[in-house]
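Residue numbers (the working numbering): 404 to 511. Notes follow once the structure below has been shown.
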């Protein structure tokens, strides 16, 4: 029995948790064969690269998505306008409270 997209997706997500770039790349390659237009898969590997400080890998994923015409389509979520409005309100409250995000990414 061949692994399906759910199995490869689970592997990719576990690679993000554990910071495993090598298996993450393998999982994405298999997922591209099965679900070539699923933006989430590309984003997960991009995040793995970012966690490791491999910005060339992040750029590679963005270019691959652009070249293939793949975009995240968050507007398809039910109630997305309400969700984004609430996120905006949260962001404003956070800034009013003086919160400054730590944008430094470090690998484990």
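Heads up, the beta-carbon is just placed ideally off N, CA and C, and yes, glycines get one too. None of the values given here were measured: they were computed from a predicted structure.
Confirm, please, whether the CB-CB distance from residue j to residue i is below 8 Å.
i, j, result
"residue 475", "residue 442", "yes"
"residue 409", "residue 434", "no"
"residue 437", "residue 411", "yes"
"residue 486", "residue 440", "no"
Could you work out which residue in the options is closest to residue i when comparing CA atoms only?
i, options, result
"residue 413", "427, 503 and 404", "427"
"residue 467", "493, 444 and 489", "444"
"residue 591", "470, 449 and 404", "Given that the chain is displayed from residue 404 to residue 511, the structure contains no residue 591 and the question cannot be resolved."
"residue 422", "503, 454 and 488", "454"
Pull up the CB-CB distance for residue i and residue j, whole angstroms please, since I reckon it's below 8 Å.
i, j, result
"residue 424", "residue 451", "6 Å"
Would you kindly report the start and end of the unbroken alpha helix (DSSP H) that includes residue i?
i, result
"residue 499", "483 to 499"
"residue 443", "442 to 454"
"residue 463", "458 to 470"
"residue 419", "408 to 421"
"residue 473", "Here residue 473 belongs to no alpha helix (DSSP H), and DSSP marks it neither H nor E."
"residue 432", "424 to 437"
Given 7 Å as the limit, tell me if residue i has its C-beta closer than that to any heavy atom belonging to the ligand NAP.
i, result
"residue 499", "Because no ligand of any kind appears in the structure shown, any question about the ligand NAP cannot be addressed here."
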